[in-house]
Ligand SMILES: Nc1ncnc2c1ncn2[C@@H]1O[C@H](COP(=O)(O)OP(=O)(O)OP(=O)(O)O)[C@@H](O)[C@H]1O
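Residue numbers (my numbering): 8 to 234.
Shown next as structure tokens:
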């Protein structure tokens with residue numbers, strides 16, 4: 008599945024945040040989005056995840072156009088194809104790690120955790136080193152552990168597009184590297200991963216790095232001459 012952005016523009020109350028944001032991402036690409044605080048990275052990622060509408064412009068997943076979809080249809084597209092990772096995943100403190108991870112299954116009327124889904128949870132939990140925490144309550148976990156629970160929950164349905172807003176912000180270098188391993192795993196299955204980050208080391212591992220400016224995306228790496 009490919010992702011195409013065409014001239015995406017966003018303004019709030021007539022104040023322009025960005026315009027002319029265009030991008031083509033192919034299956035198996037990991038793309039980093041950089042930019043000064045307040046340039047609109049989270050806003051752009053929310054738009055790409057179908058959580059917010061652009062002021063104008065087009066977002067396409069293959070041929071599927073977001074602008075032609077109602078809010079209801081967009082939420083179905085999100086559930087099916089998109090994994091959204093935010094800095095502060097809403098988790099339920101009194102429930103266990105495993106219960107929190109499997110919450111989305113209730114929305115797709117598939118409350119049973121079947122073998123395939125459990126194998127996927129095990130795989131990511133092993134990669135992120137939280138397999139021993141399944142029965143712990145969220146309120147007993149550190150911030151970094153909670154972040155990893157949110158990441159597994161976002162990947163439960165094997166998304167074709169992963170949108171991650173500073174996924175390693177609350178993590179140390181070693182744990183950040185584990186998260187990147189997860190992204191590499193998804194990449195090998197053909198997913199597109201689009202992440203915002205202030206960490207140079209994380210951006211350097213991505214296939215390409217774009218800087219978000221008020222006038223669109225500027226390719227920072229690979230440099231044009233490398234292409
Ligand atoms: N619903 C909204 N209404 C009005 N302004 C908003 C709204 N949401 C975001 N903004 C403004 O848009 C700007 C960009 O916010 P955004 O969170 O997208 O930036 P960012 O680049 O992700 O920042 P950071 O790196 O600090 O997380 C901010 O000035 C913010 O106040």
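Each residue gets a CB set at the ideal place from its N, CA and C atoms; glycine is no exception.
Predicted, not measured: the structure shown is a model, and the values here were computed from it.
Burial check for residue 152: the Cβ neighbour count within 10 Å reaches 16 or more, so the residue is buried. For residue 130, the distance from the CB to the nearest heavy atom of ligand 1 is not below 8 Å. Annotated three-state conformation of residue 138 is helix, per DSSP. When secondary structure is reduced to three states using DSSP, residue 44 falls in the coil class, being assigned neither helix nor strand. In this structure, residue 94 and residue 142 do not form a Cβ contact; the two beta carbons are roughly 26 Å apart against a cut-off of 8 Å.
Remark: the shortest separation between the CB of residue 72 and any heavy atom of ligand 1 does not fall under 8 Å.
With a cut-off of 8 Å, the C-beta of residue 46 is classified as near ligand 1, since at least one heavy atom of the ligand falls inside that distance. The beta carbon of residue 199 is closer than 6 Å to those of 10, 32, 36 and 168 in its chain, skipping five residues each way along the sequence. A distance criterion of 8 Å places the beta-carbon of residue 173 in contact range of ligand 1, judged by its closest non-hydrogen atom. Using a Cβ distance threshold of 9 Å, residue 28 and residue 202 do not count as a contacting pair.
Between residue 146 and residue 100, the C-beta spacing is below 9 Å.
In its chain, beyond the 5 residues on either side, 135 and 137 have a beta carbon closer than 6 Å to the beta carbon of residue 155. Around the C-beta of residue 83, fewer than 16 other C-beta atoms lie within 10 Å, and the residue is accordingly described as exposed.
Counting along the chain, the unbroken beta strand (DSSP E) around residue 220 starts and ends at 215-220.
The beta-bridge partner set that DSSP reports for residue 25 consists of 17. Proximity to residue 14 across 74, 43 and 22 peaks at 74, based on C-alpha coordinates.
Shown here, residue 106 sits in a helix according to DSSP, grouped into three states. Straight-line measurement puts the Cα of residue 217 at about 8 Å from the Cα of residue 42.
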